[in-house]
Structures are given as structure tokens and as C-alpha cells.
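Report on the structure given below.
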Amino acid sequence: MLITSALAAAGPSLDPISDLEQLTAYPFMVNALQAGTIVAVMAGVVGWFMVLRRQTFAGHTLSLMAFPGATAALLIGLSAAAGYFVFSGLAALIIGTAAGARRRRNLGQESAITGAVQAFGLACGFLFLSLYQGVLANYESLLFGSFLGITRGQVLALALVAAVTLGLLAIVGRPLLFASVDEDVAQARGVPTRVLGIGFLLLLGLAVAETAQITGALLVFALLVAPAATAQIITPRIGLGLVLSVVLGVLITWAGLALAYFYDYPVGFYVTTVAFVVYVVARLARTLAERPTLLRGRVRRAEASA
Amino acid sequence: MFAHEFFRNAFLAGTFIALACGLVGYFVVLRAQVFAGDALSHVAFTGALAAAAAGIDTRIGLFAATIAVALVLGGVGERASADDVTIGIVFAWILGLGVFFLALFSMGSGGGNGLLGARALFGSIFGLSTADARLAAVIGVAIVAAILAIARPLLFASVDPGVAAVRGVPVRALGLTFLALLGATAGEATQAVGALLLLGLLAAPAGAAHRLTANPYLALGLSAALAVTAMWLGLAISYTVPSLPPSTAVIGVATAIYLLAFLLRASTRMQALPSARQDPAHRLAGN
Chain A
1 MLITSALAAA
11 GPSLDPISDL
21 EQLTAYPFMV
31 NALQAGTIVA
41 VMAGVVGWFM
51 VLRRQTFAGH
61 TLSLMAFPGA
71 TAALLIGLSA
81 AAGYFVFSGL
91 AALIIGTAAG
101 ARRRRNLGQE
111 SAITGAVQAF
121 GLACGFLFLS
131 LYQGVLANYE
141 SLLFGSFLGI
151 TRGQVLALAL
161 VAAVTLGLLA
171 IVGRPLLFAS
181 VDEDVAQARG
191 VPTRVLGIGF
201 LLLLGLAVAE
211 TAQITGALLV
221 FALLVAPAAT
231 AQIITPRIGL
241 GLVLSVVLGV
251 LITWAGLALA
261 YFYDYPVGFY
271 VTTVAFVVYV
281 VARLARTLAE
291 RPTLLRGRVR
301 RAEASA
Chain B
1 MFAHEFFRNA
11 FLAGTFIALA
21 CGLVGYFVVL
31 RAQVFAGDAL
41 SHVAFTGALA
51 AAAAGIDTRI
61 GLFAATIAVA
71 LVLGGVGERA
81 SADDVTIGIV
91 FAWILGLGVF
101 FLALFSMGSG
111 GGNGLLGARA
121 LFGSIFGLST
131 ADARLAAVIG
141 VAIVAAILAI
151 ARPLLFASVD
161 PGVAAVRGVP
171 VRALGLTFLA
181 LLGATAGEAT
191 QAVGALLLLG
201 LLAAPAGAAH
211 RLTANPYLAL
221 GLSAALAVTA
231 MWLGLAISYT
241 VPSLPPSTAV
251 IGVATAIYLL
261 AFLLRASTRM
271 QALPSARQDP
281 AHRLAGN
């Protein structure tokens, strides 16, 4: 972080055009902005479904698989991203199959399983780290993200994964929406809700593994939950909500990256703070707009999307 | 083993921390608030680093942060039980703040001090001094006493909040008290197993107890017993195999217990319904 602020010694001026020129003057920053945009678009769409399905906890658990993934990769000498995808995929399978063993989704039991998977995954990560007997020098950037040193190759890889994830989601989008809003009716109509549930968790695993490369494993929520939750507060409509979620995500990412470029603190801090402020403003505006509490709004939203 | 001072300290603190985690964890799973527990444990990280950046005892930061955030989550959510989107957003931001404090602290101390961050994230039970261990034990006893004191009404309010409210049980106040206790437990356990791993101690023994018995008081006791077992076994294993960090050993044993309970339950269910296995139509009807 110190290097960047030294580069941007002049700091932001009041002229937005010269600020923009400053921001895009260095290739590393252009890469970071591109990577951030790709990640924000994907996180906005996948996060919208995650919030709808109330699987934030599962999303968080999958994102924490970065830790065992990265340490296992370190131990056997693979790239951290590969280990990450493997572990978050495994965790998604376990949570999906174990939680879907019953006919209906049981949120209490699902969260207990998710918690156990998360704890075990992290314990594994810690074990790998001690087996490695070295120091995981960049554990802070693993957990809290970094936008320095993103290469062209990484940007392309991110774009590829995002395209695959969004393509798959576009295929299963309609039945998934049906299954998320009203599982019983969807099941009665012959929609394979269980397979869809597992499939969605796998997609979520892909998405968090990718998002975490910008925000770090602990902070993926800033891009996965906050834009989607804000969009669902603002509008009950599906298409508009998805677009809004993506737009908000992209704006939050840009604002966070620009702030981190000009001022001397980690990017994770700025992205989470901007996301939090946006959510709080939307929620307050909504509460003020309609006196009856948010509870009623949520019921209406569910009806509208069904 | 017990000849070593550090092991006696770890044993003393660990026993009471596990006891508190087991008891509180039972209600966490019953009320489907595992995610809240998860969030509070991460908040502990921010608390510890904020205190470090401000130059005061990290434990004050730990407890202040976890209890304050617990009350905020409970206050915002309906029926004092925080919904998952609110939790996700609040704790992402709190963690972001934690990173900020980490940067602040590293700069203040001349840079490159990741040790405190690592300790807050992963715990250091073998590094506790005798005074630390005694204090942890006292706080553990206080949490256990508090949870036992409200166990009966809390159970009622958790299982059927509507009926409990009609009968005059203060459901909302109980929910808030419980979240505050959960926050205190998170702060307490962070010292032993760290902010990243304490969820295992909170969720795994309790999840196993829920699977093994439906009797609430039996399950409550079982959950505490399993948590303490996990702690003792974990400490012993970590002592015998020095390359294994104590947090990993404890959480590993806790997860193994959960897995055993899961398999045990699955196999008894299979035996109980022998006809269901042969006849898919019957199974659908039976479920």
C-alpha cells in the first residue's frame, strides 16, 4: 500500500478528469480496475441469487476455503488459485449433499452443517500451514485482499471464469429462481430442486473463489451481499434488481479502488466501508419511504417475485 | 503433561472456555444462529486489533466489540434474532475495519507486525499466563452461570416464541441477553482457539448433541460434555504431537465428534426403517 500512495503523491484534485488520468496512468492500476469490474459484475449476479436463497452463511464458508486451499497448494507446490477452486468446490458438494439429504431445506440443520464444514476446513488450513513449516508471508492479502500485482494473465483468467459462471447461471436461472422462491411448488412441478441447490452452491463456490482474489477471503461479502441486498431493498423486480445489483457492485469496486489508490489504507477496508454505507442509506431510505417496517416489505417482495 | 506450567494454564482456561462454548452452542444451533456466532467470532478479530492500535489490553477490545455487535445485530433483526443478510453486511464491514486497524497498528509499531493479527485469528492457548488463565476461567464460570440461569425460559422462547410471548416470557429481552452472552463467549474463546476457528467449538459439539438426542436438557449437558472432551483430547494430542497447533487439534476432534454423530444417526435411521429402503414410494410417504 505504501508504494501506491508514494506513486500518487499528488493525491486527488478537484478535477475529475485529471484524477481519472492519474488512476489509469499505471498498468497495474488498469489491471486492478479491469479485474475489479469483472469480479463485481459476477458477484452482483451470483450474490443476488445467494441473498434470495438466504445462503449468505454458505457463501461465507465457501469463501473461507481460500485458507486451506492456498495452504494446501503451498504444501504441494501448486498455484494458490487452483487449491482454492478445489477446496471451495469440495465444500460446496459436502454442504449441498448433506443439507439436501432431507426432502425440504431445513435452515437450522443446514447452518449447523455449514458451520462444521467451515471449522474443519479452517483447521485443515492451519494444519497444512504448520506442516509446511514455513511462513505464509502474504496471509494478510489472502484474507483481506490486495489489488497490487494483478497481471494480464490473471485478468484474462478472471474473465474466463466469470463468463463460464454467468453462462451456467443463465441456463439454470429460470428453474433456480422458481426453486428459490417456492421450493414446494417447484418440486411438485417436477423441477429438480435438490440438484439445482447443489449446482448453485458449486457456482457460488466458483464465484467466491474468484471474488476473493480482489477483496480477500474474509471480505467477499462486500461485493456478494451488499450490492444484492441493496438492490433487493430498492426493487422487487427481477430483471431490474439484477441490473441494479451489478451496477452497484461495479460502482462500489471503483470507489474502493480509487480511494485505496489515493489514500494510504488497505483496499478491503475501503470496499467494505463503501458497500456498508450504500446498504445503510438504502435501508434508511426504504424505512422512511414506508412507515410499516421492513418485514412487510419483504413479504411483498417475495410475492412479487413469485 | 501436567508438570508444565503452560499446559496447566491451557487446561484450566480451555476447560471453562469449552464448557461455555458447549452450553451456549446448544442454543446457537437450536435457534439457527450459527451464522451470528460465526460473525461475532470474526468481530473479535477487529476488537483485538482496535485495542492494540489504541494501546489498551486486547481483552477489553475483544469483549467490548463482540458484545456491542451482538446487541446491534439483535436490535436490528426481528424478534431479536438477526437475519443473515444483516449479519453478512455488518460483519463484512467490521472485518474491513479490522484490516484498517491492522494497518494502523503495523504503521504505529514500525511496520511488519503481523504476529498480533495471527494470534487474534488463530489463538494461542499454550501462550496464556497463569493470570490470563485464571481470568479466562472466571469469565467462563460467569457465562456458564448466566446461561444456566436463563436456560428454561430461553428454551421455551427458542422452541415456540409465539406461545412463550403469550405466556408472558420476555422473548425479545431473552434474545438480546442470549446474543450478548454469545458475544461474550466469542470474546472468551478467541483467546484460546482464535477468531477463525472458534465456530468449530461452538457449532460442532452442539450439532452432534442435537443429532444424538431430542431431550433438551440431556442435549444441553451432552453438548457441554462433548465440547470439553474435544478440548481435552485436542490439548493432549497437540502436546504429544508438537507440530500440530492446539487450535487445529481441538477443532479436528470436535469435527470428528460431529461426523461420528452424523453417521451414527444416519445408520440408526436406516435400521429403523428397513422397509423404506426397498420401497421408494413408501419412503416418500413416510417422510
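First to last, the sequence lines map onto chains A and B. Here the numbering used here is used: the first residue of the first sequence is 1, the next is one more, and so on. Here the numbering used here is used: the first residue of the second sequence is 1, the next is one more, and so on. Quick reminder that beta carbons are idealized off the backbone N, C-alpha and C, glycines included.
Exposure of residue i, with buried meaning 16 or more beta-carbon neighbours within 10 Å
{"i": "residue 2 of chain B", "result": "exposed"}
{"i": "residue 225 of chain A", "result": "buried"}
{"i": "residue 84 of chain B", "result": "buried"}
{"i": "residue 217 of chain B", "result": "exposed"}
{"i": "residue 241 of chain B", "result": "exposed"}
{"i": "residue 4 of chain B", "result": "exposed"}
{"i": "residue 289 of chain A", "result": "exposed"}
{"i": "residue 185 of chain B", "result": "buried"}
{"i": "residue 286 of chain B", "result": "Unreliable positioning characterises residue 286 of chain B in this predicted model, as indicated by a pLDDT of 40, which lies under 50. A coordinate reading is not provided."}
{"i": "residue 129 of chain B", "result": "exposed"}
{"i": "residue 95 of chain A", "result": "buried"}
{"i": "residue 59 of chain B", "result": "buried"}
{"i": "residue 112 of chain B", "result": "A caution first: residue 112 of chain B carries a pLDDT of 44, below 50, which makes its placement in the model unreliable, though a value can still be read off. Answer is exposed; the Cβ neighbour count stays below 16."}
{"i": "residue 245 of chain A", "result": "buried"}
{"i": "residue 246 of chain B", "result": "buried"}
{"i": "residue 171 of chain A", "result": "exposed"}
{"i": "residue 31 of chain A", "result": "buried"}
{"i": "residue 227 of chain A", "result": "buried"}
{"i": "residue 17 of chain A", "result": "exposed"}
{"i": "residue 110 of chain A", "result": "buried"}
{"i": "residue 214 of chain B", "result": "exposed"}
{"i": "residue 267 of chain B", "result": "exposed"}
{"i": "residue 183 of chain A", "result": "buried"}
{"i": "residue 97 of chain B", "result": "buried"}
{"i": "residue 21 of chain A", "result": "exposed"}
Other residues of its chain near residue i: CB distance less than 8 Å, five sequence neighbours each side excluded
{"i": "residue 282 of chain A", "result": "230, 233 and 234"}
{"i": "residue 162 of chain B", "result": "none"}
{"i": "residue 278 of chain B", "result": "Low confidence applies here, because residue 278 of chain B scores a pLDDT of 43, under 50, leaving its location unreliable; read the following figure in that light. None."}
Residue closest to residue i, alpha-carbon to alpha-carbon, out of the options
{"i": "residue 42 of chain B", "options": "A:262, A:280, A:54 and A:217", "result": "A:217"}
{"i": "residue 213 of chain A", "options": "A:79, A:23, A:18 and A:20", "result": "A:79"}
{"i": "residue 124 of chain A", "options": "A:73, A:96 and A:93", "result": "A:73"}
{"i": "residue 168 of chain B", "options": "B:177, B:176, B:157 and B:178", "result": "B:157"}
{"i": "residue 224 of chain B", "options": "B:62, B:206, B:142 and B:101", "result": "B:206"}
{"i": "residue 250 of chain A", "options": "A:195, A:275 and A:181", "result": "A:275"}
{"i": "residue 89 of chain A", "options": "A:252, A:200, A:248 and A:130", "result": "A:200"}
{"i": "residue 67 of chain B", "options": "B:37, B:88 and B:17", "result": "B:37"}
{"i": "residue 121 of chain A", "options": "A:62, A:259 and A:181", "result": "A:62"}
{"i": "residue 135 of chain B", "options": "B:12, B:265, B:27 and B:261", "result": "B:12"}
{"i": "residue 314 of chain A", "options": "A:158, A:203, A:181 and A:189", "result": "Residue numbering for chain A in the displayed model covers 1 to 306; residue 314 of chain A lies beyond these limits and cannot be assessed."}
{"i": "residue 45 of chain B", "options": "B:33, B:25 and B:189", "result": "B:189"}
{"i": "residue 150 of chain A", "options": "A:91, A:113 and A:26", "result": "A:26"}
{"i": "residue 168 of chain A", "options": "A:286, A:207 and A:191", "result": "A:207"}
{"i": "residue 303 of chain B", "options": "B:52, B:199 and B:65", "result": "Nothing in the structure corresponds to residue 303 of chain B, since chain B is present only between 1 and 287."}
{"i": "residue 244 of chain B", "options": "A:54, A:20, A:38 and A:127", "result": "A:127"}
{"i": "residue 212 of chain B", "options": "B:260, B:181 and B:182", "result": "B:260"}
{"i": "residue 56 of chain A", "options": "B:147, B:91 and B:100", "result": "B:91"}
Sequence-distant residues of the same chain with beta carbon closer than 7 Å to residue i, five excluded per side
{"i": "residue 242 of chain A", "result": "45 and 48"}
{"i": "residue 14 of chain B", "result": "125, 192, 231 and 235"}
{"i": "residue 239 of chain B", "result": "1 and 7"}
{"i": "residue 163 of chain A", "result": "none"}
{"i": "residue 16 of chain B", "result": "136, 137, 140 and 141"}
{"i": "residue 204 of chain B", "result": "254, 255, 257 and 258"}
{"i": "residue 77 of chain A", "result": "none"}
Close-in-space but distant-in-sequence residues of the same chain around residue i (CB under 6 Å, 5 per side omitted)
{"i": "residue 9 of chain B", "result": "128, 130 and 133"}
{"i": "residue 197 of chain B", "result": "247 and 251"}
{"i": "residue 76 of chain B", "result": "86"}
{"i": "residue 165 of chain B", "result": "171"}
Name the residues in the stretch 53–80 of chain A whose C-beta lies less than 9 Å from a C-beta of chain D; which are they? Judged by its chain identifiers, the structure shown contains no chain D, and its protein chains are A and B.
Would you list, in chain order, the members of the stretch 34–59 of chain B that have their beta-carbon closer than 9 Å to a beta-carbon of chain A? The residues in question are 34, 35, 37, 38, 39, 42 and 45.
Selection of the stretch 218–236 of chain B by Cβ proximity to chain A, strictly under 8 Å: Those residues of the stretch 218–236 of chain B that come within reach of chain A (Cβ to Cβ, closer than 8 Å) do not exist; the list is empty.
Interface positions of the stretch 252–267 of chain A facing chain B (Cβ-Cβ less than 7 Å), listed along the chain: So the list reads 265 and 266, given in the order they occur along the chain.
Could you please tell me which residues of the stretch 237–255 of chain B, in chain order, have their CB closer than 9 Å to any CB of chain A? Using a CB distance below 9 Å, the part of the stretch 237–255 of chain B facing chain A consists of 243, 244, 245, 247, 248, 249, 250, 251, 252, 254 and 255, ordered along the chain.
Under 9 Å, CB to CB, which of the residues in the stretch 118–133 of chain A have a partner in chain B? Those residues of the stretch 118–133 of chain A that come within reach of chain B (Cβ to Cβ, closer than 9 Å) are 118, 119, 120, 122, 123, 124, 125, 126, 127, 129, 130, 131 and 133.
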